[in-house]
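J.: For the sequence shown, my numbering begins at 4 and goes up steadily by one.
Even for Gly, the Cβ is constructed at its ideal location relative to N, Cα and C.
Since we're looking at a predicted model, the values are computed, not measured.
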Amino acid sequence: MTYEDTLKKLERVKEILIRLTNRKEEIENFYQILKFPQRVIKVNIPLKRDKGEIEIFEGYRVQHNNFLGPYKGGIRFFPEVNEDEIKTLALIMTLKCSLVNLPLGGGKGGIKVDPKNLSENELKNLSQEYVKMIFDFIGPERDIPAPDVNTNSQIMDWMTEKYLEITQEKKEKLDKNYLRATFTGKSIQMGGSEGREEATGKGGAIVLNELVKKLNLDRKKLTIAIQGFGNVGYNLAKFLFEEGYKIIALSDSKSGIYSQEEFDPSLVMKCKKTKGMISGCYCIGNFCDSNLGKDITNEDLLKLDVDILIPAALENVITKNNAYQIKAKIILEMANNPITDEADEILNQRGIIVVPDILANAGGVIVSYFEMVQNIEKRRWNKEQIFKKLEEYLVKAFNEVWELSQKEKINLRLASLTNSLYKIFESYLRYY
Ligand code: GLU
């Protein structure tokens, strides 16, 4: 979905908001503001390559809206990064944080780069040069970046290190622990939170369990296909496997695997690490060479006859070209924006239940928020405590969405957008 497409989606819930609030004029004005990101920062980052030459990389930080609190959202390293994409993702973060009741706004960053083409030293320097360029715009009360596609705790640690170094050079006498809250998704040693790594996957499992309960389904009978075997896809697969769902298809960025039996994601991961790819990793029981499995493409995976389809990789994978061939009855959007606007309409008409990204994948940003709180308040929670709190946040948000969707007879995406916008609107009224 482009930025314009996302705005179109917001337009669809305007009438509901007007009805719920009875404040047409204010809602119109509110929409005027929300249409534009508050700030778009574009940077040209110089990186000295290992061979000595300087190469310039295009980077962004978009700060969409801060009515509810400081901007919050990840930074992605990806060859196709562009301004429209980062703007869209920043808007999605504004909606996501509000929906799950966090006192945070929305932002997103990115660098147009394929990190696989950089040495470790270059990756570190690029991450730190980026921080130098956005330094003035970030901080625990301004904007708090986090990991996203192709970025991880190591990259957050490098960024935090640079941030602390610059504040020291500037002789800002702020407490280091507090300053660490400028980035989340850090390693535990750097002040990261227990459970942050698995949080997005864990959150997806919590949300799916709630939906399955509402629909009175038996999770042990439900088959699942997951596209994407990175941090989000893998951790989610692990939790769902432990909870009894049957995962029968998985894929990474290159290809996929399918089985008539169910996969154990941990074994598949071990196999993928040894082979360097998921292809051929038909791990069932203790063996990874079962003849019940076969290789499939990423496109085939989307069209499989499963109960639940989970896109957990990149945006715009379900389009008008394949939306009619989707056989799943439920789609859990673990990637941000995996369904185009046109495809979303087709799925809706076909009665397929879509759990939108701003609800399904909010686990990551919720635990990011817990990480900030732990840094600022100088406390530590263990993984059990973190997951318990995560569950409270997500179950509450899910039920708020479910109730509205039942009451207004709208799908879960429209109900999520309505709830989210309603809360931002309330704080808008306090501003203006
Ligand atoms: N990148 C994740 C997202 O899209 C997490 C953001 C965060 O933790 O701030 O929600």
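Given 7 Å as the limit, tell me if A149 has its C-beta closer than that to any heavy atom belonging to ligand 1.
T.: Numbered from its first residue, the sequence shown carries residue 149 at position 146. Yes, since a heavy atom of ligand 1 falls inside the 7 Å radius drawn around the Cβ of A149.
J.: Can you give me the Cβ contacts of Y237 inside the same chain, cut-off strictly under 8 Å, excluding the 5 residues immediately before and after it?
T.: Indexing the sequence shown from 1 puts residue 237 at position 234. G204, P268, M272, listed in sequence order.
J.: What do you get for R22, buried or exposed, if any count of 16 or more other CB atoms within 10 angstroms of its CB means buried?
T.: To locate residue 22, count along the sequence shown from 1; it is residue 19. Per the 10 Å Cβ criterion, exposed.
J.: DSSP three-state call for I281: helix, strand or coil?
T.: Position 278 of the sequence shown, counted from the first residue, corresponds to residue 281. Residue state, collapsed to three classes: coil.
J.: CB of N339 to nearest heavy atom of ligand 1: below 7 Å?
T.: Here the question's residue 339 lines up with position 336 in the sequence shown. Flag set: Cβ of N339 near ligand 1.
J.: Is V376 near ligand 3 - that is, is its Cβ less than 7 Å away from at least one heavy atom of it?
T.: Among the ligands in the structure shown, ligand 3 does not appear; only ligand 1 can be found there.
J.: Whole angstroms is fine: what's the gap from E411's alpha carbon to V404's?
T.: The residue you call residue 411 lines up with position 408 of the sequence shown. The residue you call residue 404 lines up with position 401 of the sequence shown. The alpha-carbon atoms of E411 and V404 are separated by roughly 11 Å.
J.: Determine the DSSP secondary structure at I287, reduced to helix, strand or coil.
T.: Taking the sequence shown and counting its residues from 1, the one referred to as residue 287 is at position 284. Reduced to three states, the DSSP call for I287 is strand.
J.: Whose C-alpha, out of L182, G194, I114, N301, is nearest the C-alpha of L167?
T.: For the purposes of this step, residue 167 is taken as the residue at position 164 of the sequence shown. Cα-wise, what sits closest to L167 is L182.
J.: Under 7 Å: does the beta carbon of T187 sit that close to some heavy atom of ligand 1?
T.: For this step, residue 187 is matched to residue 184 along the sequence shown. Under cutoff, so the answer is yes.
J.: Which of helix, strand or coil does DSSP assign to P150?
T.: Numbered from its first residue, the sequence shown carries residue 150 at position 147. Of the three classes helix, strand and coil, the one that applies to P150 here is strand, per DSSP.
J.: What span of residues does the alpha helix (DSSP H) with E164 cover, start to end?
T.: Position 161 of the sequence shown holds residue 164. Here the alpha helix (DSSP H) through E164 covers 156-172.
J.: Take E246 as the anchor and find which of G367, E302, A208 has the nearest alpha-carbon.
T.: Mapped onto the sequence shown, residue 246 falls at position 243. Checked all of G367, E302, A208; the closest Cα to E246 is A208.
J.: Tell me F80's beta-bridge partners as DSSP assigns them.
T.: Taking the sequence shown and counting its residues from 1, the one referred to as residue 80 is at position 77. DSSP lists I114 as partners of F80.
J.: Taking the C-alpha atoms as reference points, what is the distance between F140 and R64?
T.: One-based indexing of the sequence shown puts residue 140 at position 137. One-based indexing of the sequence shown puts residue 64 at position 61. Roughly 9 Å between the two C-alpha positions.
J.: Taking buried to mean at least 16 other C-beta atoms within 10 Å of its own C-beta, is S256 buried or exposed?
T.: Taking the first residue of the sequence shown as position 1, residue 256 is located at position 253. S256 comes out exposed.
J.: Shorter than 7 Å, the distance from the beta carbon of V134 to the closest heavy atom of ligand 1, or not?
T.: The residue labelled residue 134 in the question sits at position 131 within the sequence shown. For ligand 1, not one heavy atom lies less than 7 Å from the Cβ of V134.
J.: Helix, strand or coil, according to DSSP, for L253 in the structure here?
T.: What you label residue 253 is simply residue 250 of the sequence shown in a count that begins at 1. It is a strand residue.
J.: If we ignore side chains and look at the alpha-carbon of each, how far apart do F80 and D221 end up?
T.: For the purposes of this step, residue 80 is taken as residue 77 along the sequence shown, with counting starting at 1. For the purposes of this step, residue 221 is taken as residue 218 along the sequence shown, with counting starting at 1. If you take the alpha carbons of F80 and D221, they lie about 39 Å apart.
J.: Among Y396, V116, A418, L407, which one has its Cα closest to the Cα of V103?
T.: The residue labelled residue 103 in the question sits at position 100 within the sequence shown. Checking every option, the nearest Cα to that of V103 belongs to Y396.
J.: Expressed to the nearest angstrom, what Euclidean distance is found between the alpha-carbon atoms of N414 and N351?
T.: Locating residue 414 in the sequence shown gives position 411, counting from the first residue. Locating residue 351 in the sequence shown gives position 348, counting from the first residue. Roughly 8 Å between the two C-alpha positions.
J.: Answer yes or no: the CB of N69 versus the heavy atoms of ligand 1, is any distance below 7 Å?
T.: What you label residue 69 is simply residue 66 of the sequence shown in a count that begins at 1. Checking every heavy atom of ligand 1 against the Cβ of N69, none is found closer than 7 Å.
J.: CB L94 to CB Y372, shorter than 8 Å?
T.: Sequence index remark: in the sequence shown, residue 94 carries index 91 (1-based). Sequence index remark: in the sequence shown, residue 372 carries index 369 (1-based). No. Outside cutoff.
J.: Using a Cβ-Cβ cutoff of less than 6 Å, which residues in the same chain neighbour L211 once the five nearest sequence positions on both sides are dropped?
T.: Along the sequence shown, read from residue 1 onward, the residue named residue 211 stands at position 208. So the list reads L335, once near-sequence residues are dropped.
J.: For I30, which residues in the same chain have their Cβ closer than 8 Å to its Cβ, ignoring the five residues on either side in sequence?
T.: For the purposes of this step, residue 30 is identified with residue 27 of the sequence shown, where counting begins at 1. For I30, where only same-chain residues beyond five positions count, the Cβ hits under 8 Å are K17, L20, I21, T24, F428.
J.: Measure from the alpha carbon of I379 to the alpha carbon of each residue in F186, Q388, P341, P359, then state which is nearest.
T.: What you label residue 379 is simply residue 376 of the sequence shown in a count that begins at 1. Here the closest residue by C-alpha is F186.
J.: Could you tell me whether any non-hydrogen atom of ligand 1 is closer than 7 Å to the CB of V65?
T.: Start at 1 with the first residue of the sequence shown, and residue 65 comes out as number 62. Answer for V65: no, Cβ out of range of ligand 1.
J.: Does the separation of the CB atoms of V261 and I311 fall below 8 Å?
T.: Along the sequence shown, read from residue 1 onward, the residue named residue 261 stands at position 258. Along the sequence shown, read from residue 1 onward, the residue named residue 311 stands at position 308. Before going further, note that residue 261 is Tyr rather than Val in the sequence given. No. Outside cutoff.
J.: Given a threshold of 16 other Cβ atoms within 10 Å of its Cβ, counted over all protein chains shown, does E213 qualify as buried or as exposed?
T.: The sequence position of residue 213 within the sequence shown is 210, counting from 1. With 16 or more other Cβ atoms within 10 Å, it is buried.
J.: Once DSSP output is grouped into helix, strand and coil, what is the label at D358?
T.: By one-based count along the sequence shown, residue 358 stands at place 355. Correcting the residue identity first, residue 358 is Val in this sequence and not Asp. If DSSP states are grouped into helix, strand and coil, V358 belongs with the strands.
J.: Is any heavy atom in ligand 1 found nearer than 7 Å to the beta carbon of K205?
T.: As a working note, residue 205 is residue 202 in the sequence shown. Incorrect: K205 has no Cβ contact closer than 7 Å to ligand 1.
J.: Please report the distance separating the alpha-carbon of L362 from that of E56.
T.: Position 359 of the sequence shown, counted from the start, is the residue given in the question as residue 362. Position 53 of the sequence shown, counted from the start, is the residue given in the question as residue 56. The straight-line gap from Cα to Cα measures roughly 44 Å.
J.: For the beta strand (DSSP E) that R64 lies in, which residues bound it at each end?
T.: Against the sequence shown, residue 64 aligns to sequence position 61. Unbroken beta strand (DSSP E) run through R64: 57-68.
J.: Is any beta-carbon of chain C found at less than 8 Å from that of E172?
T.: Reference to chain C is not applicable here, since this structure consists of a single protein chain.
J.: Closer than 7 Å to a non-hydrogen atom of ligand 1 - does that hold for the CB of A99?
T.: Against the sequence shown, residue 99 aligns to sequence position 96. Per the sequence shown, the amino acid found at residue 99 is Lys instead of Ala. Within the cutoff, so yes.
J.: Is the beta carbon of G142 less than 8 Å from the beta carbon of E374?
T.: For this step, residue 142 is matched to residue 139 along the sequence shown. For this step, residue 374 is matched to residue 371 along the sequence shown. Cβ distance not < 8 Å, so G142 and E374 don't count as in contact.
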